[in-house]
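J.: Got a structure for you, questions after.
In the numbering used here, the protein residues as written are 10 to 110.
Given below as structure tokens:
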């Protein structure tokens, strides 16, 4: 068995929080470097969180992860509500349909 460790870059969240004035004055730089950075940029306005800026690839990955989590939650609800079929029962149904056609 082979074990491998991935290097993990830990970035302080405080380095990722910027006021909206920073976004206004550094838009081109942010657009150029956002994909190279580890995680999104959090933008504040009047001291309150207002925006999250992230690159398209990580946004799409977030959407895919969310979709998978929704599928898992749906499956768990179906299990909780006994709306599942065992493999043997499912195979028996398939065989019956195949014989009927």
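Just so you know, even glycine gets a beta-carbon here, dropped at the ideal spot from N, CA and C.
Please determine if the segment 56-63 and the segment 85-103 are in contact, where contact requires at least 3 C-beta pairs separated by less than 8 Å.
T.: no
J.: Helix, strand or coil: which one does DSSP assign to residue 102?
T.: helix
J.: Taking the beta strand (DSSP E) that residue 144 belongs to, which residues open and close that run?
T.: Coverage of the chain is limited to positions 10 through 110, which leaves residue 144 absent and any answer about it impossible.
J.: Please report how far the alpha carbon of residue 71 lies from the alpha carbon of residue 25, in whole angstroms.
T.: 18 Å
J.: Measure the beta-carbon distance from residue 29 to residue 43 and round it to whole angstroms, keeping in mind my assumption that it falls under 8 Å.
T.: Between residue 43 and residue 29 the Cβ distance is about 16 Å, and since that is not below 8 Å, they are no contact.
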